[in-house]
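These notes are about the structure you will find just below.
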Amino acid sequence: MPHAVARDSVRLHYEEAGSGTPIIFLHEFAADHTNWEPQMRYFSRGHRCIAYSARGYTPSDVPPDAGVYTYKHFYSDALAVLDHLGIAKAHLVGLSMGSYSSLQIGLNAPERALSMTLAAVGSGSDLENLDAFRAQCRANAEQYETIGSFEVAKLTREAPSRIPFLLKDPRGHADFYAALARHDAKGSANTMRGFQGGRPSIYTMTDAIRKVPTPALILCGDEDDNCVGPSLFLKQHLPAAGLSFFPKSGHVLNLEEPALFNGMVERFIALVEAGRWPVRDPRSLVKAAV
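Position one of the sequence shown corresponds to residue 229 (my numbering), numbered consecutively onward.
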């Protein structure tokens, strides 16, 4: 079973398929590397595709210390996987937690990113509710430790942003939550405390975001209410960003609408590789006089 090794010796399980320009997929909190299977099968026809499980998600290591689950550890782990595979640059495709890590690579190591797909990005960023969000993350972490992943999966399967997935694809939704029920409870608790409850709001990084030159595609479900505002914010401030909303869609875009997701990301990557995804032309920023 292949593993990369992070800077603090945590082993990160990965899978790869295909050949060509590399794409690395970064999963959300409730997922792991297996949830990128529709994308691994599709994009590996023309690209070298890598999906890995973050620290805390078996078969990657589950460190017992909650202090090694910060957002800095998570984006550094993605770079460690690329380093292990000898990849200097890759297209980054992230969902939710994975989108935040992709954005952090754009902020801190832009030379490693050919592009960034930021799907379902920014939940928990609202500054007015940030303290309440972090308190809820701590409570969720305790819930994992108290009742375990199986029971948490049953309680969260009808979270508001997951309902569109349930309505469209009950079988896929059931498979998703069956996988979540098998997650390591301690790893999930540590991730909830360290990453989810400790990461800075994207609204506090405006100046840094404005300096990111990396081509970016922002994807958001129009019924994923917690991500609508952050997606608009990133469109306004990332210099080379495009934004698309998926109609009647929630949080798990790559599984909820795989054909639409794959098609949009494929077009984006093709345009980037052709040099046809520029920064926004300043003329489009001028407000009309009438």
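Note that the Cβ used here is the ideal one computed from N, Cα and C, for glycine as well. Note that the structure is predicted; figures quoted are calculated from it, not measured.
Boundaries (first-last residue) of the beta strand (DSSP E) holding residue i
i: Leu513; result: Per DSSP, Leu513 belongs to no beta strand (DSSP E) and is neither H nor E.
i: Leu471; result: Ala469 to Phe474
i: Phe253; result: Pro250 to Leu254
Beta-carbon spacing of residue i, residue j below 8 Å
i: Gly294; j: Ile252; result: First, the amino acid is wrong: residue 294 is Ala here, not Gly. In this structure, Ile252 does not lie closer than 8 Å to Ala294 by Cβ.
i: Leu445; j: Phe496; result: yes
i: Arg366; j: Arg421; result: yes
i: Leu320; j: Thr345; result: yes
i: His261; j: Ser281; result: yes
i: Pro458; j: Gly350; result: yes
i: Phe393; j: Glu265; result: no
i: His275; j: Pro250; result: yes
i: Val546; j: Asp236; result: There is simply no residue 546 to check, as the chain begins at 229 and stops at 518 in what is shown.
i: Phe474; j: Gly503; result: no
i: Thr434; j: His465; result: yes
i: Trp505; j: Leu513; result: no
i: Leu323; j: Asn482; result: yes
i: Arg427; j: Tyr285; result: no
i: Ala417; j: Glu373; result: yes
i: Ala381; j: Ala409; result: yes
i: Met268; j: Ala245; result: yes
i: Gln424; j: Gly352; result: yes
i: Asn440; j: Pro338; result: According to the sequence shown, residue 440 is Val rather than Asn. Against a cut-off of 8 Å, the Cβ pair of Pro338 and Val440 comes out as a contact.
i: Gly415; j: Val290; result: yes
Sheet register partners of residue i (DSSP bridge)
i: Thr345; result: Val321 and Leu445
i: Glu244; result: Ile278
i: Arg239; result: Val233
Rounded Cβ spacing between residue i and residue j (contact assumed at less than 8 Å)
i: Tyr303; j: Ile333; result: 5 Å
i: Met325; j: Phe257; result: 5 Å
i: Ala348; j: Cys455; result: 5 Å
i: Ala308; j: Leu254; result: Going by Cβ atoms, the distance from Ala308 to Leu254 rounds to 13 Å, so no, they are not a contact pair.
i: Asn171; j: Tyr270; result: Here the chain comprises residues numbered 229 to 518, so residue 171 is not present and cannot be evaluated.
i: Leu447; j: Ser429; result: Their Cβ separation, rounded to whole angstroms, is 20 Å, which puts Leu447 and Ser429 out of contact at 8 Å.
i: Val233; j: Arg283; result: Incorrect: roughly 11 Å between the Cβ atoms, too far for contact.
i: Ala341; j: Thr442; result: 5 Å
i: His411; j: Asp452; result: Contact flag wrong, Cβ pair sits at about 21 Å.
i: Ala436; j: Leu335; result: 5 Å
Run of the alpha helix (DSSP H) containing residue i, from where it starts to where it stops
i: Val500; result: Pro486 to Glu501
i: His519; result: The structure shown does not extend to residue 519, since the chain spans only 229 to 518, so no value can be given for it.
i: Ala232; result: Careful: Ala232 lies outside any alpha helix (DSSP H), inside the beta strand (DSSP E) at His231 to Val233.
i: Arg283; result: Segment: none, Arg283 is in no alpha helix (DSSP H) and carries neither H nor E.
i: Pro358; result: Residue 358 is actually Leu in this sequence, not Pro. Residues Leu358 to Thr384.
i: Ala406; result: Pro398 to Leu408
i: Phe271; result: Glu265 to Phe271
i: Ile437; result: Thr434 to Ile437
i: Gly525; result: Nothing can be reported for residue 525: it is not among the residues displayed for the chain, which extend from 229 to 518.
Next on the checklist: As an exercise, report each continuous alpha helix (DSSP H) stretch of at least 4 residues that is fully enclosed by the segment 285-318, in chain order.
Outcome noted: 299-312
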